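Below: the structure, in structure tokens.
So this is what it looks like as structure tokens:
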């Protein structure tokens, strides 16, 4: 079914001006200073209790991604509505279908392996902006649905194993992963998976243990616990970067109207007459194949 994309207002530029290699603005810290994330060479884990503001951070990353040149999205959303506004801009949108989710993860791993083969052949260790390959951002909203709810136990284990492989491989070949869950528990976020995420954002949690599951063991005992975030302070979180100390942040808020306006504008810039994927992308991943 075709979707009519409204034209942007007169005077608004209609060309990509961002890159996934640019730092992504996600909000402010406790001192009011802007906070940026270099997601391209890292992955980000986002977790906390329902209503804590996780979707705000997820939508900030989605909004940046759809406005970037030469960037492709793969979206997993078992609830359909959290990432739904971006579905027409994604190469693949996986709803409550674990079989499709497993198939897509398998294909993403093939792409990642092909890219590392290309890097090896070119005596390189990571992808750079001038390589001409598209950035493929995988975003999973509610990880627990795919790892503990949908499908059979063997399917859930295969999904989790494939995801761990993608998180392990994606950071240097232009295929970062963003994963979010409202169930911060060891069965959803085992340490073997958590420690692969260079960024971890802990929104409000109900216990010290839940906060530690997200940030890492011992941070709550040092005073960095998301359990002290007030229920009314939606969007507040502790953000941990590799080799750093957790810091308080406040994720920028996008209303539903903002999200759909960005999605409509991005769809306009990506219309068939717009910028195409460079021919140099030797590992182009066509979801329709």
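Residue numbers (the UniProt record's numbering): 1 to 289. A virtual CB, placed ideally from N, CA and C, is assigned to each residue, including glycine. Bear in mind the structure is a predicted one, so any value in this text is a computation, not a measurement.
Check, Outcome
"So the beta strand (DSSP E) residue 250 belongs to, where does it begin and stop?", "247-251"
"Does the structure place the segment 56-67 close enough to the segment 259-267 that three or more beta carbon pairs sit under 8 Å?", "yes"
"Excluding the 5 residues preceding and the 5 following residue 139 in the sequence, name in chain order all residues of the same chain whose CB lies nearer than 6 Å to its CB.", "75 and 178"
"Out of curiosity, what's the CA-to-CA distance linking residue 80 and residue 98?", "13 Å"
"May I ask you to report which of helix, strand or coil DSSP gives residue 292?", "As shown, the chain starts at 1 and ends at 289. That puts residue 292 outside it, with no answer to give."
"Mind checking whether residue 226 and residue 203 have CB atoms under 8 Å apart?", "yes"
"If you follow the beta strand (DSSP E) that residue 200 is part of, which residue opens it and which one closes it?", "199-203"
"If we call anything under 8 Å between Cβ atoms a contact, is residue 136 one with residue 194?", "no"
"Output needed for residue 252: all residues of its chain with C-beta closer than 6 Å, excluding positions within five of it in sequence on either side, in chain order.", "27 and 60"
"For residue 104, name the three-state secondary structure that DSSP assigns.", "helix"
"Smallest Cα separation from residue 245: which of 32, 91 and 218?", "218"
"Suppose only complete runs of 3+ residues qualify. What are the beta strand (DSSP E) ranges in the segment 119-192, listed by chain order?", "135-141 and 177-181"
"How would you write the range of the alpha helix (DSSP H) that residue 265 sits in, first residue to last?", "256-269"
"At the level of alpha carbons, what is the spacing between residue 111 and residue 78?", "24 Å"
"Which of the three DSSP states is assigned to residue 63 in this structure?", "helix"
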